[in-house]
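Residue numbers 44 to 420, in our numbering, belong to the letters of the sequence shown in order.
We put the beta carbon where it would ideally sit given N, CA and C, even for glycine.
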Amino acid sequence: MNPFKYGTVVHGGDFFDRKEECSRIVETLSGGNNIVLYAPRRFGKTSLVFKVMEQLEKKNITCVYFDFMTVYSPEAFVRLYAKALSAKQTNLEKFVKTFASAVKNIRPTLGFNADGEAEFSVDFANTVVDETVVAELLDMPETLGSKNKKVVVFFDEFQEAVRLEHINFENLLRSKIQQQVNTNYLFLGSKTHILHELFDNKKRAFYHSASQISIGPLPEADTITYLQNKFTASGIAFDAETGRYLISAAEHIPHYVQLLASEVWQYLIDTKKPVTKKVVDCCVTQVLALKGDYYMELFDRQSQSRKQVLQALTVSGKNVFSAAYITTYRLTSVSTVQRAVKELVEEGIAEKLDGEYVLADPFFKAFVANMMRGIPV
Ligand SMILES: Nc1ncnc2c1ncn2[C@@H]1O[C@H](COP(=O)(O)OP(=O)(O)O)[C@@H](O)[C@H]1O
Ligand SMILES: [Mg+2]
């Protein structure tokens, strides 16, 4: 079995490092503070948070994990958050009773899933899901906790909560959080520009309401050791120099490092030849070929000015709004570039990292760069 994992949360032996970040988060949350965790997509936020949950649970803290990605309406929020609250409950019957008296207009039900396990769900037939219902539900974690049983709620992809603007969600949650004494929150998400807007803007409800923590790429030396261990366990030699080369081809982003390593492993597992830079290059080409149609469609979909900006960003992402940048890359005007960059960031195609704009997917970057150089894509 391929020992490299990507595209899902990684646990156990697939997860390495992040020890300092993990203990800092655990300490801050157990100390009764809230956190906002920043990092672009695919850096390992969700995996880190799952590690944090394991440690908090060992300290007898109840953890509730909720992902806003699939929340498009207040109804979806209520249905999914109610389910998330029930997930770690050992006594579901008791939970149903607590729920019924806390959230008045919604009927909790207990059924069975396909495996015959008890499953909690809610039924709100004709009830309009309004602020009152959402407010009652937001009180649930506090009800589940007590002085000796703290609760931590993890709100993943929290920027998507702006979809609930019309029911005043931001203010509602903020006021609940302020009243709750047994419950703490960790907010995380990939669209860092929206999170910054939520937590750093004086006019917004969450202004300065949480300690800020950001995570960067995994340290290079540890990543090399991790890759080396996995390759040698399969009988494939892997030296540090090639390791640095592979990591840099994946732009140090944990997800793409594992993706590329996985391709390399697949490429060599039959012959067990050592990993070389040439093999890495070959696998990058393979990934590009595999994703070619998708990348072409993604590129085609962009407006002319976004295409030009994308091409410029493959060369440099520094001072992109300067006159020199506009001239060098033959762009139209500062305002056109500003709009194009803003849209690319909003769509998650580009990201701002340490003051520079970069393409979020290093393979898409390579694809666009190849196209510019006339290399067949
Ligand atoms: N600590 C880690 N150890 C090993 N691989 C990791 C680690 N963190 C992230 N990854 C890799 O990155 C991928 C994305 O991780 P994920 O936690 O989903 O990121 P995010 O939530 O920031 O988008 C994982 O599937 C895995 O391949
Ligand atoms: Mg995630």
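Residue i - DSSP class collapsed to helix/strand/coil
i, result
"ASN227", "strand"
"LYS192", "strand"
"GLN255", "strand"
"ARG373", "coil"
"PRO184", "helix"
"THR314", "coil"
"GLU174", "helix"
"ASN272", "helix"
"TYR250", "coil"
"GLY74", "coil"
"ALA383", "helix"
"GLU294", "coil"
"PHE59", "coil"
"ALA431", "Lying before the first or after the last residue shown, residue 431 is absent from the chain, which here runs from 44 to 420."
"THR266", "helix"
"ILE68", "helix"
"TYR288", "helix"
"VAL205", "helix"
"TYR49", "coil"
"ILE279", "coil"
"ALA168", "coil"
"MET44", "coil"
"VAL388", "helix"
"ILE210", "helix"
"SER378", "helix"
Opposing strand residues paired with residue i [DSSP bridges]
i, result
"LEU153", "PHE163"
"GLU394", "VAL401"
"PHE197", "TYR108 and LEU229"
"SER218", "Beta-bridge pairing links SER218 to no other residue."
Start and end residues, alpha helix (DSSP H) containing residue i
i, result
"GLU118", "117-129"
"VAL307", "297-311"
"TYR81", "Run containing TYR81: none in the alpha helix (DSSP H); it sits in the beta strand (DSSP E), 78-81."
"LEU334", "According to the sequence displayed, residue 334 carries Lys and not Leu. Element bounds for LYS334: 320-343."
"PHE138", "135-145"
"GLN98", "88-101"
"ARG349", "347-358"
"ASP243", "235-243"
Heavy atom of ligand 1 within 8 Å of residue i beta-carbon
i, result
"LEU402", "no"
"TYR269", "yes"
"PRO297", "yes"
"GLY50", "yes"
"LEU229", "no"
"VAL79", "no"
"LEU396", "no"
"LEU261", "yes"
"GLN345", "no"
"ARG67", "no"
"VAL95", "no"
"ALA301", "This sequence places Gln at residue 301; Ala is not what is there. Because some heavy atom of ligand 1 lies under 8 Å away, the Cβ of GLN301 counts as near it: yes."
"ASP60", "yes"
"VAL53", "yes"
"LEU91", "yes"
First through last residue of the beta strand (DSSP E) which encompasses residue i
i, result
"GLU399", "399-402"
heavy atom of ligand 2 below 8 Å from residue i C-beta
i, result
"SER233", "yes"
"ASP57", "no"
"ARG84", "yes"
"GLU200", "yes"
"LYS88", "yes"
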